[in-house]
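To start, the structure itself, in structure tokens.
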Amino acid sequence: MKTYQGIAVSPGITLGEVMVIDNGRCRVNRRSIERRDIAAEELRLDAAIEATTSAIARNRDSVTQELGLEYGQIFEAHLQILSDSRLKKEILQHIRSDLFSVEYAVSVVFDKHAEMLSKIQGGDLSERASDIIDIENRLLRQLMGIRKDSIATLTRPVIIFATELTPSETVNLDRKNILGIVTERGGMGSHTAIVASALQIPAVLGVGRFLNEVEDDDLAVVDGKTGLVILNPDSETVRKFELQQKKEKSFKEHLHSLSHAPAVTRDGTEIAIYGNIEFPYEARFCLENGADGIGLYRTEFLYLAASPEDLPDEEMHFEAYRKVAEDMGDRPVTIRTFDLGSDKMPAGVSLTREAERNPFMGLRSIRLSLKNTSMFRKQLRAILRASAYGKFRIMFPLVSTLLEFRHAKMLFGDVCEELEEEDVPFDKTIPLGMMVEVPSAVIMLGTFVPEVDFFSVGTNDLVQYTLAVDRSNKEVCSLYNSEDPALLRLIRQSIRVASMYDKPISLCGQMSSNPIYTMLLLGLGLRQFSVSPGAILEIKEMCRSVTIAECRELARNVMFMETAREIRNYLKHETARRVGEEFDSLEF
Ligand code: PEP
Ligand code: MG
């Protein structure tokens with residue numbers, strides 16, 4: 018039995034036989050041609066580009082259809098690379114001047130670009146090397162007449178072990194028979210990771226070099242939540258994981274039976290549970306899980322999935338928002354205007370004039386929108402146009418002063434007037450709200466109340482700005498605690514002030530997706546939760562298992578405690594006591 022640790026990119030526990038695939042890059046030997054063969058080689062290049070273009074376009078269309086525009090764009094970007102005239106010119110030059118065979122010329126040019134990308138440090142650009150290799154492999158397979166894609170047609174259920182999987186290999190996997198994916202290379206930001214998690218295939222990437230220790234038919238356990246890979250587990254480990262898998266399955270079935278049940282506490286208080294989404298296709302998952310609406314649509318992902326040459330225009334925004342509006346029907350959809358900057362930057366694009374020394378304190382979120390008004394107005398136009406198809410609310414992120422909110426509201430008013438002049442239909446009663454994720458906003462919440470239609474507490478940022486802990490810095494992660502007493506006081510104050518004035522307030526930070534905090538938040542007066550789609554049913558089950566009276570008592574006890582550790586232990590204990598064994602599979 019051997020244990021490896023990789024990067025967990027798509028959750029789920031899987032146990033099964035291994036299939037090691039040699040899907041490394043097509044290797045091409047150097048081959049020269051005669052001068053008289055140049056024209057024929059050029060024709061072969063054109064034919065290969067044409068056939069590859071059609072194949073990628075087919076992928077793009079089927080992926081767009083199944084998963085949505087953002088995923089289709091991965092392949093749209095491949096098409097753009099393939100149609101880049103400079104790339105073709107480079108290949109032709111090698112054929113004409115160096116008398117390289119077309120296969121060799123293609124591999125020299127693509128290898129050069131892949132290597133250049135892989136050397137770029139930081140950001141996601143190095144991850145894009147696998148997109149270049151993907152296109153190269155397709156072109157070479159076309160030129161060399163290799164048509165069969167072994168992993169697209171599997172004959173039995175297996176876990177794929179590979180050096181690396183390209184995005185197109187991942188979408189073309191034989192879904193019936195794929196139990197999981199483990200690769201030596203790749204990481205969280207790769208398109209392969211994004212696609213695997215969209216397809217809900219448990220996946221661990223970036224394990225490092227280990228394939229020489231693996232053989233076909235070895236048994237493996239893969240945990241896509243922790244990144245653990247166990248090869249040839251002993252019988253006790255197999256039993257343990259089988260049990261865990263079984264528990265997860267029956268708990269999921271139980272939760273699933275709640276999809277259409279209301280989130281009502283045992284003493285009859287109705288709770289609203291909304292979903293947090295990043296991509297339009299997730300609206301469907303939220304509906305399947307019985308969400309009351311979308312409480313947070315992180316629209317910046319539209320930019321993060323785009324290539325630098327192809328940032329979203331108004332139409333792309335509009336199409337994405339319209340899809341969510343139509344899917345959700347008359348349930349509210351809270352669209353947060355883009356929250357770009359700091360850790361959320363489109364690869365290869367610089368949005369600030371100079372590199373920032375302290376990006377989390379810098380030009381991010383609403384501050385960036387208010388500086389880059391053409392980008393902001395484009396988004397507001399698209400949101401308003403799409404508002405005619407559903408029930409939207411607009412929310413501004415990281416508002417830290419009242420003037421900032423007023424400034425955003427003024428621009429919004431301007432865009433409304435522009436659309437009215439153009440006779441474009443939109444919802445004229447659309448509510449305008451704000452995220453509460455900076456301590457100054459909590460402290461001054463009362464002054465926002467007359468001008469703001471609703472609030473949503475963003476604890477992910479509120480923790481970091483309250484405790485001065487960078488949320489993405491591993492060195493200080495032990496200080497990043499959602500149960501810190503200081504943070505809990507800010508949450509309590511926000512809920513109290515909003516409720517006093519009858520303003521809707523929800524909590525959309527990660528904290529609301531974790532059942533350990535549900536009782537506490539209910540006890541502090543929260544009645545609207547906005548959670549990741551996968552947590553909707555768990556939080557609903559939690560709400561249905563408790564009474565408001567016991568939650569209030571729990572919250573009172575917590576507010577007497579002085580340290581995060583004490584609070585955490587107490588919450589763990591109390592949650593387990595209420596919902597017992599069933600919640601064992603949850604992350605406490
Ligand atoms: C938050 O800060 O809690 C939040 C929901 O916003 P994001 O995680 O997108 O910064
Ligand atoms: Mg935030």
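Going by my numbering, the sequence shown runs without a break in its numbering and finishes at 605.
Note that beta-carbon positions come from the ideal geometry of N, C-alpha and C, so glycine has one too.
Keep in mind that this is a model prediction, so the values were computed, not measured.
Between V26 and A215, the C-beta spacing is not below 7 Å. Excluding residues up to 5 positions away in sequence, E305, N306, G307, L554 lie with their Cβ nearer than 8 Å to the Cβ of S276 in the same chain. In this structure, the CA atom of I247 is about 46 Å from the CA atom of D284. Taking a cut-off of 8 Å on C-beta distances, the stretch 463–470 touches the stretch 504–521, as three or more cross pairs fall below it. Around the CB of N586, fewer than 16 other CB atoms lie within 10 Å, so the residue is classed as exposed.
In the DSSP assignment, V350 is bridged to I311, F409.
Cβ-Cβ distances below 7 Å link E59 to L109, I112 in the same chain, with the five nearest sequence neighbours on each side left out; the list follows chain order. Residue environment: I195 is assigned as buried (16 or more neighbouring CB atoms within 10 Å of its CB, all protein chains considered).
Using a Cβ-Cβ distance cut-off of 8 Å, the stretch 504–511 and the stretch 552–568 are not in contact, since fewer than three pairs of beta carbons, one from each stretch, lie closer than that value. Taken atom to atom, the span from the alpha-carbon of N76 to that of S185 is near 8 Å.
Relative to the ligand MG, the nearest heavy atom lies less than 6 Å away from the CB of D478. Taking the Cα of G85 as reference, the smallest distance to any Cα among T354, A458, V341 is reached at V341. For D240, the enclosing beta strand (DSSP E) has its first and last residue at 236–240. As summarised for the stretch 187–215, the continuous alpha helix (DSSP H) elements at least 4 residues long and confined to that stretch are 208–215, given in chain order.
Shortest gap from the CB of C494 to any heavy atom of the ligand PEP: 6 Å or more. F296 sits in coil when the DSSP states are folded into three classes, being neither helix nor strand.
A direct Cα-Cα distance of roughly 22 Å separates E299 from T476. Annotation for I447: no beta strand (DSSP E) segment contains it, and DSSP assigns it neither H nor E. Below 8 Å, enough C-beta pairs join the stretch 337–357 and the stretch 367–385 to call them touching: three or more.
Excluding sequence positions up to five before and after E295, its CB lies within less than 7 Å of the CB of R315, F318, all in the same chain and listed in chain order. Set against 6 Å, the gap from the CB of G475 to the closest heavy atom of the ligand PEP is smaller. Of the residues assessed, H273 falls on the exposed side of the cut-off, its CB having fewer than 16 other CB atoms within 10 angstroms. Where K426 is concerned, the enclosing alpha helix (DSSP H) starts and stops at 419–438. Here Y518 is exposed, its C-beta having fewer than 16 other C-beta atoms within 10 Å. Scanning its chain for C-beta atoms nearer than 7 Å, with the 5 sequence neighbours on each side dropped, one finds around S124 the residues V45, E153, L157, in chain order. Closest in C-alpha terms to E332, from the list I400, V281, K589, comes I400. Under the three-state reduction of DSSP output, F227 falls in the coil class, being neither helix nor strand. With a cut-off of 6 Å, the C-beta of R315 is classified as near the ligand PEP, since at least one heavy atom of the ligand falls inside that distance. Distances from the CB of E454 to the heavy atoms of the ligand PEP include at least one below 6 Å. In terms of CA proximity to R202, E181 leads the group E181, A213, H334. In the structure shown, the three-state DSSP call for G463 is helix. Residues R77, D327 of the same chain have their beta carbon placed closer than 8 Å to that of E93, with the five preceding and five following residues left out of the count.
Assignment of beta strand (DSSP E) within the stretch 87–167, counting only whole runs of 3 or more residues, yields no such run. The alpha carbon of Y320 has as its nearest neighbour, out of I91, E434, L496, the alpha carbon of I91. Under DSSP, E287 forms a beta bridge with V281. Taking all protein chains shown into account, S530 has 16 or more neighbouring C-beta atoms within 10 Å of its C-beta and is therefore buried.
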